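Novice: In our numbering, the protein residues as written are 192 to 489.
No residue lacks a Cβ here, since even glycine has one placed at the ideal position from N, Cα and C.
It should be emphasised that the depicted structure is a prediction, and the values quoted were computed from it without experimental measurement.
Structure, rendered in structure tokens:
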């Protein structure tokens, strides 16, 4: 996730180079062709091209809105994992402390139950991260050997075992089960976003229409600056470049798990889950929260 205020010029060029090269080609070709031939048939009616631009703006806006909704939903799903992990940890700590104080279990049994649940919640986060963004290296302490839903089953088993041994109360599942459901629901949303792209028609036609606009715009601008036809080049680049930037912004947001700087900050969220649950159970050495690196939070 980009957290710095100003974007890197190098990265902006990397994202926009190909479509901007196409736009620059026609921005130069139009005035050169007109200067060489003086053929006014090369000048296109500006209202027609302006109408195309207006329609394209609506199409690009819809495409970008869809992409942002996907990114925002992915961020919200990961936030749900974080909140559910905190809540479940708190519930287990409160119940086991109460059981220990009442003599139903020993302090060591309470601590063991807390540590097992906390460890499984940490494993769930990193396992889900590896499932949705497999190309991203994981910390050495977290070797991924199973699926996230298997970890949730183990959490449920620990809760049931805690009820049997007296570490948890008979009615604790009423409060803990919604947190397990929240973890499963968030996992489903994250997996759906990772495996189901925005309809490819939106992406395909956006790119093609922007390419068409970049082709015709300079020929329409020739009619607006007949006495200074070379102004058509920068004006065309400004118009076409605006649509190009909007299009690549939407394309970047469309996949929040692509191991790019525009990703949802999964590593930071998983580290925060680990830090928060381990701190809650009194672990003396929880991991440090991740800080932005060169303006990017991973």
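Using DSSP with H/G/I as helix, E/B as strand and the rest coil, what is residue 344?
Specialist: Walking along the chain shown from the start, residue 344 turns up at place 153. In this structure, residue 344 counts as helix in the three-state DSSP scheme.
Novice: In whole angstroms, what separates the C-alpha of residue 370 from that of residue 464?
Specialist: The residue labelled residue 370 in the question sits at position 179 within the chain shown. The residue labelled residue 464 in the question sits at position 273 within the chain shown. Those two C-alpha atoms are separated by around 14 Å.
Novice: Am I right that residue 286 and residue 357 are in contact with their C-beta atoms under 8 Å? What's the rounded C-beta distance?
Specialist: Here residue 286 corresponds to residue number 95 of the chain shown, with the count starting at 1. Here residue 357 corresponds to residue number 166 of the chain shown, with the count starting at 1. Not quite, the Cβ-Cβ distance comes to about 10 Å (not below 8 Å), so this is no contact.
Novice: Three-state secondary structure (DSSP) at residue 223?
Specialist: If you number the chain shown from 1, residue 223 lands on position 32. Helix at residue 223.
Novice: For residue 342, which residues in the same chain have their Cβ closer than 7 Å to its Cβ, ignoring the five residues on either side in sequence?
Specialist: Mapped onto the chain shown, residue 342 falls at position 151. If we look at residue 342 and ignore the five residues flanking it on each side, its Cβ neighbours are 311, 314, 315 and 318.
Novice: Is residue 482 near the ligand GTP, going by C-beta to nearest heavy atom under 7 Å?
Specialist: What this structure holds is no ligand at all, so the ligand GTP is not there to describe.
Novice: Does DSSP classify residue 319 as helix, strand or coil?
Specialist: Residue numbering aside, residue 319 sits at position 128 when the chain shown is read from its first letter. Three-state DSSP puts residue 319 in a helix.
Novice: With DSSP run on the structure shown, which of helix, strand or coil describes residue 484?
Specialist: For the purposes of this step, residue 484 is taken as the residue at position 293 of the chain shown. In this structure, residue 484 counts as strand in the three-state DSSP scheme.
Novice: Hey, would you say residue 237 sits closer than 8 Å to residue 444, going by beta carbons?
Specialist: For the purposes of this step, residue 237 is taken as the residue at position 46 of the chain shown. For the purposes of this step, residue 444 is taken as the residue at position 253 of the chain shown. Cβ atoms of residue 237 and residue 444: not closer than 8 Å.
Novice: Assign residue 193 to one of three DSSP states: helix, strand, or coil.
Specialist: If you number the chain shown from 1, residue 193 lands on position 2. In this structure, residue 193 counts as strand in the three-state DSSP scheme.
Novice: I need the straight-line Cα distance from residue 215 to residue 270, nearest angstrom please.
Specialist: Counting from one through the chain shown, the residue named residue 215 turns up at place 24. Counting from one through the chain shown, the residue named residue 270 turns up at place 79. The alpha-carbon atoms of residue 215 and residue 270 are separated by roughly 42 Å.
Novice: Taking only three categories from DSSP, how would you classify residue 357?
Specialist: The residue you call residue 357 lines up with position 166 of the chain shown. The answer is coil: DSSP assigns residue 357 none of H, G, I, E or B.
Novice: Identify, in the order they occur along the chain, each residue of the same chain with its Cβ nearer than 6 Å to the Cβ of residue 477, setting aside the five sequence neighbours on each side.
Specialist: If you number the chain shown from 1, residue 477 lands on position 286. Once the five neighbours on either side are set aside, the close Cβ partners of residue 477 are 466, 469 and 470.
Novice: Can you round the beta-carbon distance between residue 300 and residue 472 to whole angstroms, since I take them to be within the 8 Å contact cut?
Specialist: Counted from its first residue, the chain shown places residue 300 at position 109. Counted from its first residue, the chain shown places residue 472 at position 281. Contact doesn't hold; Cβ gap of about 14 Å is too wide.
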